[in-house]
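These notes are about the structure you will find just below.
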Amino acid sequence: MLSFANLAVLVTVRTLLRNSTTRQDDFVLGLLLGLALLTKYTSALLVPTVVGLVAAKRWVVERWPPSRIAAWAMRALTVSVRKSRREWTTVRRAF
1 MLSFANLAVL
11 VTVRTLLRNS
21 TTRQDDFVLG
31 LLLGLALLTK
41 YTSALLVPTV
51 VGLVAAKRWV
61 VERWPPSRIA
71 AWAMRALTVS
81 VRKSRREWTT
91 VRRAF
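When we follow our numbering, the leftmost residue of the sequence shown carries the number 1, and every step to the right adds one.
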C-alpha cells in the first residue's frame, strides 16, 4: 500500500516531467504533503525538498518570474501546513 509521502513523490515526479503545470496539480501536491505530515511527522523533510524541486523547475523550464514562484510556494506550503496543523492538535490531545 502506498503512503501519502510516496504519493506526493509520485505527483512531484509527474509534475517535473510535464511541460506545464496547473493549479490542480499544486492543490493535489499540497494536500498529499499535508496528509503525509499527518501520518508521519518525519515527512516534514519531504516538504522543502518537493517545493524546492518544483520551484526550480518552474524557474528554469517554465520561466516563471520569482514573485510568481514565491506566491506559488506560499500557497503550497499553506495547504500542506494547514492540513497538518488542523489534525495534529487533535491527535496530540488524544494521548
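Using N, Cα and C, we set each Cβ at its ideal position, and we do this for glycine too.
Item	Value
Limits of the unbroken alpha helix (DSSP H) element including Val61	No alpha helix (DSSP H) contains Val61, which DSSP labels as neither H nor E.
Short Cβ contact (9 angstroms threshold) for Ala55 with Ala5	no
Distance CB(Lys57)-CB(Thr22) smaller than 9 angstroms	no
Cβ distance (whole Å) where Thr12 is taken to contact Val50 below 8 angstroms	5 angstroms
Assumed close pair Ala76, Gly30 - CB separation to whole angstroms, cut-off 8 angstroms	5 angstroms
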